[in-house]
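A.B. asks:
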């Protein structure tokens with residue numbers, strides 16, 4: 804019997820770059836909300852100054868990879 808467990812996932816797809824600030828902002832807000840939920844005082848992207856958020860969004864390269872094939876073990 805092994806002393807460890809593992810999970811492996813291989814996913815294949817063609818990535819595409821998304822250069823849309825509104826799309827990135829929504830993605831960041833959704834990701835932040837999902838990670839902050841359950842905390843006594845959840846932080847939200849809108850809690851940061853708007854100029855800071857705009858600078859950070861401008862520095863992020865959005866990439867989406869629709870999955871064509873996936874294998875897991």
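Residue numbers (our numbering): 804 to 876.
Backbone N, C-alpha and C define an ideal beta-carbon position, used for all residues, glycine too.
On a predicted model such as this, the values are computed, not experimentally measured, just so you know.
Grab me the residues of residue 821's own chain with a C-beta within less than 8 Å of its C-beta, minus the 5 sequence neighbours each way, in chain order.
C.D. replies: These residues qualify, in order along the chain: 827, 865, 866, 867.
A.B. asks: In its own chain, which residues sit with a C-beta less than 6 Å from the C-beta of residue 872, not counting the 5 before and 5 after it?
C.D. replies: 815.
A.B. asks: Look at the alpha carbon of residue 847 and the alpha carbon of residue 825, and state the distance between them as a whole number of angstroms.
C.D. replies: If you take the alpha carbons of residue 847 and residue 825, they lie about 16 Å apart.
A.B. asks: Which residue spans inside the region 823–849 form an unbroken beta strand (DSSP E) run of at least 3?
C.D. replies: Segments of the beta strand (DSSP E) lying fully in the region 823–849: there are none.
A.B. asks: DSSP on residue 856, reduced to helix/strand/coil?
C.D. replies: In the structure shown, residue 856 sits in a helix (DSSP, three-state: H, G or I).
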